[in-house]
DNA sequence: GTCTATAATTCGATAGAC
DNA sequence: GTCTATCGAATTATAGAC
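Protein chains in written order, with this note's numbering: chain R, 1162 to 1347; chain B, 1162 to 1347.
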């Protein structure tokens, strides 16, 4: 009982450390030893709880975009709502957002890339379908991904100065017109 | 002399193999052994010619975007010219384009990320300055990077189906309106 | 200029004591 | 449930023969 409780805490600590490491370094450069050190436990505990590095990665990547219901949103406001939603989620601690964790690894890891495709197919496209209808939703989802993941890439991962230095509000203002153009021309 | 000639060919073969590996797997997963195998030579030759994995990486990353002179281009056509330029370069063999090689590694490797920042600061921003003026160029360059790297990311690296399945012409048509909105609102 | 052999690390994973 | 000890594999890098 005391053991099980501590076990749960240990497991949570491992997951938290794993997300940070995967977010900061991607899959390949993240080591079980490093995760264990951050969590303050022995590396073998990671194996005990998760079996392998790959299953730990899998467990660290439960991505829920928590997209709001877009059904009532006018098409004209859709772009701003979407940009604001993602920027606000990312501004706190980027290393804490599962989508950014996933992005960092998805570029060189096929399992992570597959998960990314799944996230957009099962969360973004359906949410857009409520406004645009099912036919346009898939294509629009792809173009939304291009712009929002492009933003995540340049601002949080590559940190291109002109993009990284903008305030959160300025980012929303800068991205909204282009995403609007995309959604209206789709 | 015969030796030097062969040496030059070997060096070129190593560079070609290195670019392919770095493009396909990123920095961390690319091994000197793998590069040497592709080039048909011994791993130690790679060390002899380039000294270390990091310097080989550096040598493989000479990026020249070959941007055309934009001075005569009307602002209204700028977006289409830019999108078409990059898409045409990428469509042949994505693994052959230095910018995509760089992108794959820049997400987890700080040296590559720095190189990416340098490429946009020294090539994209100056080219845009010819049309938009120097004040708007830096910011515009960042937003152009967001969209074009976003495209490279979703189409060639993540291969999100809705984006990956478009024809090259459809990509140009889909991206132009949003990039146009960005450039006009900047 | 090219290759063999190997040093020195580092990592994921396993076995087993407590 | 937690840790010690270690295996086996893979990697970068070096030394030196030819």
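Think of the CB as a built atom: it goes at the ideal place given N, C-alpha and C, for glycine as much as any other residue. As the structure is a prediction and not an experimental result, all values here were calculated from the model.
Exposure label - residue 1258 of chain R; buried when at least 16 CB within 10 Å: buried
Close beta carbons around residue 1184 of chain B, own chain, < 7 angstroms, minus the five adjacent residues each side: 1256, 1261, 1262 and 1265
Helix, strand or coil at residue 1290 of chain B according to DSSP, with G and I counted as helix: helix
Beta carbon proximity, residue 1229 of chain R to chain B, threshold 7 angstroms: Output row for residue 1229 of chain R: interface = no.
Amino acids of chain B, ordered along the chain, whose beta-carbon sits closer than 8 angstroms to that of residue 1189 of chain R: 1187, 1189, 1190 and 1269, listed in chain order.
Beta carbon proximity, residue 1307 of chain R to chain B, threshold 7 angstroms: Among the CB atoms of chain B, one or more fall inside 7 angstroms of the CB of residue 1307 of chain R.
Same chain only: Cβ atoms within 7 angstroms of residue 1204 of chain B, ignoring 5 sequence neighbours per side: 1193, 1194 and 1197
Cβ neighbour criterion (16 or more within 10 Å) applied to residue 1283 of chain R: exposed
Outcome for residue 1221 of chain R when other beta-carbon atoms lying within 10 angstroms are tallied against a minimum of 16: Residue 1221 of chain R comes out buried.
Complete alpha helix (DSSP H) runs within the segment 1314-1341 of chain R (minimum length 4 residues, chain order): Contiguous alpha helix (DSSP H) elements confined to the segment 1314-1341 of chain R occur at 1322-1325, taking only those with 4 or more residues.
Nearest to residue 1329 of chain B (by Cα), restricted to the options B:1339, B:1340 and B:1317: For the residues B:1339, B:1340 and B:1317, the minimum Cα distance to residue 1329 of chain B belongs to B:1317.
Coil, strand or helix - residue 1162 of chain R by DSSP: Residue placement at residue 1162 of chain R is flagged as unreliable, the pLDDT there being 46, under the threshold of 50; a coordinate-derived value is accordingly withheld.
Near-chain R residues of the segment 1207-1221 of chain B (beta-carbon distance less than 7 angstroms), N- to C-terminal order: Cβ contacts with chain R: none found.
CB contact check: residue 1263 of chain R to chain B, cutoff 7 angstroms: Not one chain B Cβ lies under 7 angstroms of residue 1263 of chain R.
Proximity test, Cβ basis, 7 angstroms: residue 1303 of chain R and chain B: yes
CB of residue 1333 of chain R within 7 angstroms of CB of residue 1245 of chain R, strictly: yes
Assigned secondary structure, residue 1223 of chain B (DSSP; H/G/I helix, E/B strand, else coil): Residue state, collapsed to three classes: coil.
Segment limits, alpha helix (DSSP H) that includes residue 1199 of chain B: 1193-1200
Chain-ordered chain B contacts of residue 1281 of chain R [CB-CB under 7 angstroms]: 1321
Contact with chain R by residue 1349 of chain B, beta-carbon distance below 7 angstroms: No answer is possible for residue 1349 of chain B: it lies beyond the span of chain B, which begins at 1162 and ends at 1347.
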